[in-house]
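Quick notes on the structure that follows.
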Amino acid sequence: TTDSGHVTPYSKFLSGKGMGALCESDLFGRLEILDMDYLKGEASACLSKSTRPDSMLYVKLIQCDFEDDASFEHYRKGLEHLHLLHSRISFDCLRQLVDGQWSSLIHLCLTGTNIGDQGAQILADAEGLNELQYLSLASTGITAEGASALAQSPHLQQLNQVMLSYDAVGDEGVEVMRAAFGDRATFC
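All residue numbers for the sequence shown refer to our numbering, where the first residue is 36 and numbers rise by one.
This is how it looks when you write it as structure tokens:
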């Protein structure tokens with residue numbers, strides 16, 4: 036950790052018990068930035084359920100597993116950036132994540148999560164993401180069907196940028212996203 040409130044522990048071998056201790060510590064309550072990777076099972080659930088993210092503004096988790104809990108319930112008041120890069124997240128966990136109100140979340144990155152069209156529909160139905168400005172869905176397996184759900188969602192029209200993978204959505208998906216979002220829809 037540094038004076039700036041930033042911690043980047045090497046978490047590949049962090050157990051659920053170790054993560055639980057970290058998440059309930061006074062230090063965790065003072066962190067603004069958390070950058071971790073390779074959390075599995077109980078360790079990722081402990082992070083999601085932590086009741087101490089009082090100052091947390093930015094969370095980046097790479098290659099983590101969220102199979103049982105991804106509600107991040109206690110993060111919803113102040114967290115502005117949530118990146119779950121190349122992480123495994125079940126559809127139930129994705130629903131938990133976007134269910135309810137996020138008062139400060141402006142950036143959600145689900146790149147590489149393979150949520151596909153079903154995940155796109157879950158995001159399209161989410162009413163609590165009304166502050167969201169940036170949504171990254173590259174390499175998620177979303178096709179034209181999922182792009183259409185996103186484009187038709189009344190809950191995502193405020194986005195300043197939504198990013199998808201061109202090769203998955205194809206020309207039809209690009210067309211529907213451009214019709215809804217104009218230049219705010221980008222493709223990689």
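Ideal Cβ placement from N, Cα and C applies to all residues, glycine included.
Euclidean distance between Cα positions of residue i and residue j
i      : j      : result
Asn195 : Ser174 : 20 Å
Val133 : Thr86  : 18 Å
Ile177 : Asp61  : 40 Å
Glu59  : Leu167 : 28 Å
Leu82  : Asp202 : 33 Å
Phe101 : Ser79  : 6 Å
Asp152 : Val211 : 14 Å
Cys223 : Gly205 : 11 Å
Gly51  : Arg123 : 17 Å
Ser125 : Met54  : 21 Å
Asp127 : Gln98  : 18 Å
Asp218 : Ser188 : 17 Å
Ala220 : Asn165 : 17 Å
Top-ranked residue by Cα proximity to residue i, from the options
i      : options                        : result
Gln136 : Asp152, Phe126, Tyr110         : Tyr110
Ser139 : Gly205, Asn149, Tyr93          : Tyr93
Ala182 : Met198, Gln168, Tyr169         : Met198
Gly163 : Gly208, Leu172, Glu180, Leu191 : Leu191
Leu172 : Ala161, Met54, Leu143          : Leu143
Leu120 : Asp70, Glu77, Asp218, Cys81    : Asp70
Val209 : Asp100, Leu158, Gly53, Glu180  : Glu180
Leu129 : Glu77, Thr148, Ala56, Gly51    : Thr148
Ala161 : Thr146, Leu145, Asp103, Leu185 : Leu185
Leu114 : Asp206, Ser200, Ser90          : Ser90
His118 : Phe126, Asp72, Gly76           : Asp72
His116 : Arg219, Leu170, Ala214, Lys75  : Leu170
Asp104 : Ala159, Ile150, Lys75          : Lys75
Gln193 : Lys84, Phe216, Leu57           : Phe216
Leu96  : Ala159, Thr146, Ser200, Ile150 : Thr146
Heavy atom of the ligand SAM within 7 Å of residue i beta-carbon
i     : result
Ser90 : This structure lacks the ligand SAM, and indeed carries no ligand of any kind.
In DSSP terms, what residue i is bridged to
i      : result
Ala220 : Val197
Met71  : Leu96
Phe101 : Ile124
Exercise. Which runs of the beta strand (DSSP E) fall wholly inside the region 159–207 and span at least 3 residues, in chain order?
Worked result: Counting only runs of 3 or more, we get 169–172, 196–199.
For this session: Go through the region 116–161 residue by residue and report every complete run of the beta strand (DSSP E) that reaches 3 residues or more, in order.
Result: 116–120, 142–144
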